[in-house]
Amino acid sequence: METDYFYTIASPSEGIFTEKSSKFLAFAFQVSSEEQVKQHLNDLKKKYYDARHHVYAFIIGTKQETFRASDDGEPSNSSGPPVLGQIRSLNLTNTLIVVVRYFGGTKLGIPGLINAYKTAAKNALDNAKIIKKYIEEKIEITFDYEDMNFVMKVIKDYEANIISQEFQENCSIICTIRLSLYENFLESLKQNHKLIIKLDEEDIC
């Protein structure tokens, strides 16, 4: 069966590497969209406005389907790809690394740049906490108050996470369930034909 989880970093982390007076400041972030990538990048460009380069790489998506590496003016493939390689080396996704370089006056050459950017990115990830996140489906369940015990038992049995709930004459629960448990969870709910189950704003039961 296809896995229903992925690895990313828990919170922002930093790393630093110095070579021949050039400083490489690395910043790692958890991201879930390219808009978040742009925001982090813009923030760092404003804060480190006097730096020579703002190299970055990211991978986004539960299947690592979206990725990019930017050399930001450094020689082609000397900086962005080594940073991307560090993200891939830990099988991470939803992860962005930006490496800010302050030029120290001495050129490092292609091998030196590759090593510097790779090491700075590695240091940032070494300081990060790697976490496993589950791919989940969101489900909304609408039911009569008298069916609450049934619904709550199914939710408990499958360890679904309740996002919101409303208990009145007509009750509603929005929850998330691990992708690998989704089909069985749905079948268990369908045993009660009075429930209204919605996924992606469409009635499915």
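Under the working numbering, the final residue of the sequence shown carries the number 205; numbering is consecutive throughout.
Every residue, glycine too, gets a C-beta built ideally from N, C-alpha and C.
Exercise. Give the straight-line distance between the Cα atoms of V151 and T62, rounded to the nearest whole angstrom.
Key: Answer to the nearest angstrom: the Cα atoms are 29 Å apart.
Practice problem: Take G105 as the anchor and find which of L92, V98 and R52 has the nearest alpha-carbon. | Solution: The residue with the shortest Cα to Cα distance from G105 is R52.
Exercise. Please work out which residues of its chain come closer than 6 Å, Cβ to Cβ, to K138, disregarding the five sequence neighbours upstream and downstream, and give them in chain order.
Key: Excluding five sequence positions before and after K138, the CB atoms of its chain that fall closer than 6 Å to its own CB belong to T176, given in chain order.
Quiz item: Between the C-alpha atoms of I87 and K20, what's the straight-line distance to the nearest angstrom?
Solution: I87 and K20: Cα-Cα distance of roughly 25 Å.
Exercise. Report the residue from Y134, K156, F29 and L186 whose alpha carbon sits nearest the alpha carbon of N127.
Key: Comparing Cα-Cα distances from N127 to each of Y134, K156, F29 and L186, the minimum goes to F29.
Quiz item: Of the choices L96, L108, N115 and I197, whose alpha-carbon is the least far from that of T142?
Solution: With respect to the C-alpha of T142, the residue from L96, L108, N115 and I197 having the closest C-alpha is I197.
Self-check item: N161 - DSSP class collapsed to helix/strand/coil
Solution: In the three-state DSSP reduction, N161 falls in the strand class (E or B).
Self-check item: Three-state secondary structure assigned by DSSP to V55
Solution: In the structure shown, V55 sits in a strand (DSSP, three-state: E or B).
Self-check item: 6 Å Cβ shell around Y182 - same chain, five flanking residues per side excluded
Solution: Residues of the same chain with a CB within less than 6 Å of the CB of Y182, apart from the 5 flanking positions on each side, are E137 in chain order.
Self-check item: Residues near I16 in its chain [Cβ-Cβ closer than 8 Å; skip 5 each side]
Solution: Result list for I16: K23, F24, L25, A26, A120 and N123, in chain order.
Self-check item: 6 Å Cβ shell around S13 - same chain, five flanking residues per side excluded
Solution: Same-chain partners within the cutoff: A28, A124, N127 and A128.
Quiz item: Which residue's Cα is closest to the Cα of G73: E65, Y56 and T66?
Solution: Of the listed residues, the one whose Cα sits closest to G73 is Y56.
Quiz prompt | Opening and closing residue of the alpha helix (DSSP H) in which N123 lies | solution = In this chain, the alpha helix (DSSP H) harbouring N123 covers G109 to D126.
Quiz item: Is L113 near S78, with beta carbons less than 8 Å apart?
Solution: Contact flag set, yes.
Quiz item: For the putative contact between L31 and L84, defined by C-beta atoms under 8 Å, what is the C-beta separation to the nearest angstrom?
Solution: The sequence given here places Val at residue 31; Leu does not occur at that position. Rounded to whole angstroms, the Cβ separation of V31 and L84 is 14 Å, and the two are not in contact under 8 Å.
Exercise. Please classify Q86: does DSSP put it in a helix, a strand, or coil?
Key: Three-state DSSP puts Q86 in a helix.
Practice problem: Give the secondary structure of D203 by DSSP, where H, G and I count as helix, E and B as strand, and everything else as coil. | Solution: Its pLDDT being 45, under 50, D203 is placed unreliably by the model, and the measurement read from it follows with that caveat. The answer is strand: DSSP assigns D203 an E or B state.
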